[in-house]
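The structure appears below as structure tokens.
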Amino acid sequence: MVDYQQEKELRQRIATWSDEHLSDARQMVSQHKRLLRELTNSQLYGLLNHVRNSKNVSDVRDYADRQARKAKRAGRQIEGFWLDFHRKIESFDDNVNEIVRESNSRWVNDDSRTNAIHLQLLRRFVQHLIAEKLVLDAQSK
């Protein structure tokens, strides 16, 4: 059972992580500035909905892979964005493990807890991506 204090500390760690990774989202949007013109806001919100409704991080990885394959078949360069997003998901593994260790050492071998935390980080990151793309769109007008 998780007590209130542990949950509060976990939320704080995730919020801190989110603040620290805003620049990663900004950099990813900047790096793919030209490609993101192909990606509509509804597609980004679709990604967020997929992340919110996924039960497992592997579902989000599979989604990114499918989007990359669809883009490649269609001859669209946005494939690069989806491949980078997939790599970004994997790069969060160490962050997730660190948050789990710091939050409760008993959670280290709890795959469901680790997966849930990873999904929370992904939700935050995708929200940052959307916000940064909206800023980019506004600056382009």
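Start counting the sequence shown at 20; every next residue gets the next number (the numbering used here).
C-beta atoms are modelled at their ideal positions from N, C-alpha and C, and glycine is treated no differently.
Cβ neighbour criterion (16 or more within 10 Å) applied to residue i
i: A93; result: exposed
i: L153; result: exposed
i: V79; result: buried
i: S122; result: buried
i: A34; result: exposed
i: V186; result: Residue numbering for the chain in the displayed model covers 20 to 160; residue 186 lies beyond these limits and cannot be assessed.
Cβ shell of residue i (< 7 angstroms), same chain only, five flanking positions each side left out
i: Q158; result: none
i: R45; result: E151
i: N134; result: N75 and V76
i: F100; result: H51, L54, L55 and L58
i: V48; result: L55, L148, E151, K152 and L155
i: R218; result: Past the edges of the chain, shown from 20 to 160, lies residue 218, and the structure says nothing about it.
i: W36; result: N114, I118 and L140
Contacting residues, own chain, Cβ-Cβ under 8 angstroms from residue i (five flanking each side not counted)
i: M20; result: Any reading at M20 is ruled out, since the residue's pLDDT is 49, under 50, leaving its predicted position unreliable.
i: V145; result: L63, L66, L67 and V70
i: Q25; result: S122 and N123
i: F111; result: H137, L140, L141 and F144
i: D103; result: M47, Q50 and H51
Cβ shell of residue i (< 6 angstroms), same chain only, five flanking positions each side left out
i: I97; result: L54, E57, L58 and A90
i: K160; result: none
i: S131; result: none
i: W126; result: V119 and R132
Best match in the options for proximity to residue i [C-alpha to C-alpha]
i: R142; options: R125, D38 and E26; result: D38
i: S73; options: D103, H40 and L140; result: L140
i: L29; options: V119, N128 and L155; result: V119
i: R32; options: D22, E117 and Y23; result: E117
- Query: Do the stretch 54-68 and the stretch 144-152 meet, that is, are 3 or more Cβ pairs less than 8 angstroms apart?
  - Reply: Yes: at least three Cβ pairs fall under 8 angstroms.
- Item | Stretch pair the stretch 100-112 + the stretch 79-89: three plus CB contacts closer than 8 angstroms | Put simply, the stretch 100-112 touches the stretch 79-89. At least three CB pairs are less than 8 angstroms apart.
- Task: Please list the segments of the alpha helix (DSSP H) lying wholly inside the stretch 29-88, counting only runs of 4 or more residues, in order along the chain.
- Result: 41-50 and 60-72, all fully within the stretch 29-88.
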